[in-house]
Amino acid sequence: MRRLAQSLAMLLLVALGAAQGPDKADQHHKLQAGRLPAATHKEPRAYQAGTASWYGAYFQGRETANGENYDMYDMTAAHRTLPLGTFVRVTNLENRRSVVVRINDRGPYVSGRIIDLSYNAARSLDFKDKGLQKVRIDVVHPQNTAAMVPPTLYRPASYQR
């Protein structure tokens, strides 16, 4: 009789859903409180990948699309469609070096190229002597840029702004 009562009680609890215990998804969420879900820790998909070029002294001092004067020693770039002022991380796919640049101009206007980097950005990625390089572009959110932009940039001793 006691066994029958226990079995009926168990059956009733299972039928009402009370015996399920905590939902594993809720339990996982509580354990991960304050952290992003594990799926978002994967490397983000590239915004774009393709061929980069650079431009330098010939354009020095000329006006860019956002009204600034081009400075070949600034960490800037030209892109056809990204909003002006956007920060992007450009990674050289050959040597895995990367830099953060600010989009301040439009271009490149040569077919098959996705970004035109300033002389200093190309130098930092170690491809200024080649002229062209396969790269990956990732958009960087503004709050994350302070830690990525180097405190000092290469400028020749003779350089005057």
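If you read the sequence shown in the working numbering, its first letter stands for residue 5, the second for the next number, and so on.
The beta-carbon is built from N, C-alpha and C at its ideal position, and this holds for glycine as well.
A53 sits in a strand when the DSSP states are folded into three classes. In the DSSP secondary-structure assignment, K138 is bridged to T55. For N108, the enclosing beta strand (DSSP E) has its first and last residue at S102 to D109. Residues of the same chain with a CB within less than 8 Å of the CB of Q64, apart from the 5 flanking positions on each side, are Y74, D75 and M76 in chain order.
Close CB contacts of Q52 within its chain, under the 7 Å cut and outside five residues either way in sequence, are with I118 and I141 (chain order). Beta-carbon to beta-carbon, N96 and V139 are separated by about 6 Å, close enough to satisfy the 8 Å threshold.
Note on R100: under 16 other CB atoms within 10 angstroms of its CB, so exposed under the neighbour-count rule. The beta-bridge partner set that DSSP reports for T90 is empty. Judged by beta-carbon spacing, D133 lies beyond the 7 Å limit of A82, meaning their Cβ atoms are not closer than that value. Taken atom to atom, the span from the alpha-carbon of G54 to that of E67 is near 26 Å. The Cβ atoms of R106 and A69 do not sit closer than 7 Å to each other.
In the DSSP assignment, R127 falls within the alpha helix (DSSP H) that extends over Y123 to S128. For the pair E72 and Y62, the Cα-to-Cα distance works out to about 16 Å. For Y123, same chain residues with a beta-carbon under 8 Å away, outside a window of 5 residues either side, are W58, Y59, G60, A61, M76, Y77 and K132 in chain order. S128 counts as buried, since no fewer than 16 other beta carbons sit within 10 angstroms of its beta carbon. In the DSSP annotation of this structure, the continuous segment of the beta strand (DSSP E) that includes A81 starts and ends at T80 to A82.
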